[in-house]
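Asks: Letter by letter, the sequence shown follows residues 1 to 268 of the UniProt record's numbering.
The beta-carbon is built from N, C-alpha and C at its ideal position, and this holds for glycine as well.
Following this message is one structure expressed as structure tokens.
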Amino acid sequence: MSNLEKNLKKALKLGEFRLFYQPKLDLTLGKIIGVEALIRWQHEEKGLISPLDFIPIAEKTGLILPIGEWVLRTACKQNKDWQEAGFPPMVMAVNLSARQLYQANLIEMVARILKETGLSPQYLELEITESMMMEVEYVLEIVKKLKQIGVQISLDDFGTGYSSLYYLKEFPFDSMKIDKCFVRNCTEDIKDATIVKTIIAMAHELDIDVIAEGIESKGQLIFLQQNLCNKGQGYLFSKPVPSEEFIRTINEVESIVKRKGISQEENK
Ligand code: C2E
Ligand code: MG
Ligand code: MG
Ligand code: MG
1 MSNLEKNLKK ALKLGEFRLF YQPKLDLTLG KIIGVEALIR WQHEEKGLIS
51 PLDFIPIAEK TGLILPIGEW VLRTACKQNK DWQEAGFPPM VMAVNLSARQ
101 LYQANLIEMV ARILKETGLS PQYLELEITE SMMMEVEYVL EIVKKLKQIG
151 VQISLDDFGT GYSSLYYLKE FPFDSMKIDK CFVRNCTEDI KDATIVKTII
201 AMAHELDIDV IAEGIESKGQ LIFLQQNLCN KGQGYLFSKP VPSEEFIRTI
251 NEVESIVKRK GISQEENK
């Protein structure tokens, strides 16, 4: 067993994982409509470790199953706590890994955690990626069963995997997320701009919600608004932050769309 693997196991036992929360905004109204839970590892010596550095190992070793279950439970409980504290209900998005999707008892686990935490299924969204579609028909069945429970399903990182249009046609996705690699240069690179516009138009035609990831600048926000992308996420609004900070900064975050978006430009 590698060191990291041993440490990951210990981290779970010691409770060293944290969830950070990043808002998803309605780019027309400026309101927070959802939140994505993103895991971090609070290492006693190394500090905060990015999921990019340990999720791949957790996947390889299978530790992603208990870790994923912890993420799901913690995120659902947090969302329920916010609702009980009187905040307007938001949809909580949780990233699934391939290994979890192919886990035999995924459906039962999701149902059980919803029941345990008391969160209504409509407020849970599971994000999956195209790279998880190794066995398309199997995944389709799982996704349909998850939809039957009442949770929402989102296609993350759209455009970076196999991007088969077959998925968009056959899968009952509630939303798709335009990967940040296309958003990054959409105001400078004509090809990125075209790809982003085309994804937005296609999503609208297919009646799937579309959300842009990785919005960092005012220019990107305006480009997306002009091209009728009505949902977005990114550092321009907020980085992923701990739960207390998320709640403390809601008003500030919601004012950003109005201050930096299109209506502001027009009023000048
Ligand atoms: P993702 O699900 O596509 O999450 C988006 C990533 O982009 C997050 O990185 C987020 O912090 C980052 N991001 C958000 N806005 C911006 C922006 O404006 N600019 C830039 N440059 N980046 C932005 P993070 O938190 O490091 O997570 C990376 C990936 O790790 C996630 O990508 C997801 O695939 C995976 N991951 C995170 N948490 C979990 C988890 O609980 N379970 C599983 N299975 N995977 C997770
Ligand atoms: Mg995601
Ligand atoms: Mg993504
Ligand atoms: Mg990504």
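My output table needs one value for Val151: the three-state DSSP class, helix, strand or coil.
Replies: Indexing the sequence shown from 1 puts residue 151 at position 151. If DSSP states are grouped into helix, strand and coil, Val151 belongs with coil.
Asks: Heavy atom of ligand 1 less than 7 angstroms from the Cβ of Ser97, yes or no?
Replies: For the purposes of this step, residue 97 is identified with residue 97 of the sequence shown, where counting begins at 1. Result yes, Cβ under 7 angstroms from ligand 1.
Asks: For Leu206 and Ile153, what's the separation of their Cα atoms in angstroms?
Replies: The residue you call residue 206 lines up with position 206 of the sequence shown. The residue you call residue 153 lines up with position 153 of the sequence shown. Rounded to the nearest angstrom, the two C-alpha atoms are 15 angstroms apart.
Asks: Please work out which residues of its chain come closer than 6 angstroms, Cβ to Cβ, to Ile128, disregarding the five sequence neighbours upstream and downstream, and give them in chain order.
Replies: Sequence index remark: in the sequence shown, residue 128 carries index 128 (1-based). If we look at Ile128 and ignore the five residues flanking it on each side, its Cβ neighbours are Leu96.
Asks: Would you say the segment 129-148 touches the segment 100-114, given that touching needs at least three Cβ pairs under 8 angstroms?
Replies: Cβ pair count under 8 angstroms is three or more, so yes.
Asks: Short check: CB of Ala111 to CB of Ile64, under 8 angstroms?
Replies: If you number the sequence shown from 1, residue 111 lands on position 111. If you number the sequence shown from 1, residue 64 lands on position 64. Cβ distance not < 8 angstroms, so Ala111 and Ile64 don't count as in contact.
Asks: Does the segment 215-230 come within contact of the segment 186-200, defined as at least 3 CB pairs closer than 8 angstroms?
Replies: Short answer: they touch.
Asks: Let's see if you can read the secondary structure: which residues bound the alpha helix (DSSP H) around Tyr167?
Replies: Position 167 of the sequence shown, counting from 1, holds the residue named residue 167. Counting along the chain, the alpha helix (DSSP H) containing Tyr167 begins and ends at Leu165 to Glu170.
Asks: Which residue's Cα is closest to the Cα of residue 272: Asp179, Val136 and Glu45?
Replies: Because the chain here runs from 1 to 268, residue 272 falls outside it and cannot be looked at.
Asks: Which whole-angstrom value describes the C-beta separation of Lys31 and Leu38, a residue pair presumed to lie in contact below a C-beta threshold of 8 angstroms?
Replies: Mapped onto the sequence shown, residue 31 falls at position 31. Mapped onto the sequence shown, residue 38 falls at position 38. Their Cβ separation, rounded to whole angstroms, is 21 angstroms, which puts Lys31 and Leu38 out of contact at 8 angstroms.
Asks: Quick one: using the 10 Å Cβ neighbour count with 16 as the cut-off for buried, is Met176 buried or exposed?
Replies: Walking along the sequence shown from the start, residue 176 turns up at place 176. Label assigned to Met176: buried.
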